[in-house]
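Residue 1 is where the first sequence starts when you use full-length UniProt numbering, and the numbers rise one by one after that. Note that CB positions come from ideal geometry on N, CA and C, so glycine has one too. Just so we're clear, the structure is a prediction, and the values are computed from it rather than from any experiment. In what follows, a structure is listed as structure tokens, so that the remarks can point back to it.
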Amino acid sequence: MKIATWNVNSLRARADRVEAWLERSDCDVLAIQETKCKDENFPWELFERMDYEVAHFGFSQWNGVAIASRVGLENVERTFPGQPEFGKGGVNPEQEARAIAATCNGVRVWSLYVPNGRALDDEHMPYKLEWLDTLKNGAEGWLAADPEAQIALMGDWNIAPQDDDVWDIDLFVQERLTHVSAPERAAFHAFEEATFKEVVRPFNPGPGVYTYWDYKQLRFPKKEGMRIDFVMASPALASRVTGAVIDREERKGKGASDHAPVIVELTD
DNA sequence: ATGGTTGTACGACAA
């Protein structure tokens with residue numbers, strides 16, 4: 001079985017590329033982030049045509065997550081328990097469309113779009129950290145309830161856990177940029193301390209291996225990217241992983257998302 | 001050339 005995650009940066013703008021990619025990648029499950037649409041605008045026919053079931057969670061032009069599967073799609077869950085709202089205590093607190101889960105052929109798949117902290121001193125940063133901590137606590141509970149659970153926490157984590165996960169760590173530190181700060185990295189490593197294993201890196205070691213390249217400043221041709229898309233697997237799922245691929249080719253050409261798809265192969 | 005983009009409520013804001 002092959003499961004994948006991909007921040008498509010608008011599913012409607014990317015519909016043709018997503019369809020072509022599904023066709024050639026031969027993936028059984030695709031966790032999608034940044035659909036940037038509501039259900040009424042969602043390209044349901046695309047997935048019908050390709051014989052995938054699909055579940056979507058999106059209620060505005062922002063965020064939006066989905067899971068497509070051709071090996072079953074059961075017990076769909078939108079948001080994780082206690083998922084923080086942004087602007088809590090403000091006028092319009094909003095629980096954003098950043099997490100959806102479904103069980104696909106025995107694997108509990110979460111499509112996650114971790115909040116962007118925007119700046120180290122921005123109010124989105126504590127939101128991001130609380131969001132991750134709450135998810136981690138929940139995931140710990142799922143494993144405590146069933147240590148053999150096969151859980152895939154996959155998506156755009158908006159964190160670069162190691163210095164060589166960005167093209168120039170000195171620049172990030174000097175400019176006080178997000179994604180590489182100690183609190184963000186600690187929030188990421190907390191999942192590993194909770195016995196989840198990031199299963200993409202071992203098959204795709206750096207330096208210079210990325211999953212995202214900014215549209216601006218010719219980042220892709222200059223090979224200046226970031227490794228911020230990950231698959232965190234529970235121990236039982238991690239033991240099934242036989243390979244992982246970052247599909248850098250998909251970042252090429254006109255009309256590409258700024259993120260590459262990330263595929264994980266599992267034994268039966 | 002010292003900036004270079006792309007997506008979304010069409011236009012300011014997010015990444």
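Exposed is the label assigned to Thr-242, since fewer than 16 other Cβ atoms lie within 10 Å of its Cβ. If the five residues before and after Ile-169 are omitted, its C-beta is found closer than 7 Å to the C-beta atoms of Asp-163, Val-180, all from its own chain and listed in chain order. Residue state for Tyr-52 is assigned as coil, using DSSP reduced to three classes. Proximity to Ala-97 across Asn-105, Cys-104, Ser-111 peaks at Ser-111, based on C-alpha coordinates. Taking all protein chains shown into account, Ser-257 has 16 or more neighbouring C-beta atoms within 10 Å of its C-beta and is therefore buried. Scanning its chain for C-beta atoms nearer than 6 Å, with the 5 sequence neighbours on each side dropped, one finds around Arg-78 the residues Phe-57, Ile-100, in chain order.
Rounded to whole angstroms, Gln-61 and Ala-55 show a C-alpha spacing of 17 Å. The stretch 150 to 167 makes no contact with the stretch 17 to 28, as fewer than three CB pairs between them are under 8 Å. For Ser-111, the enclosing beta strand (DSSP E) has its first and last residue at 107 to 113. The alpha-carbon of Ile-159 is positioned some 14 Å away from that of Leu-153. Taking the C-beta atoms as reference points, Ile-151 is found no nearer than 8 Å to Ser-69. Considering only Val-173, Glu-175, Tyr-215, Pro-161, the residue with the shortest C-alpha distance to Glu-192 is Pro-161. Pro-43 and Ala-31 have their alpha carbons spaced roughly 15 Å apart. Annotation for Gly-141: the continuous alpha helix (DSSP H) segment containing it runs 124 to 145.
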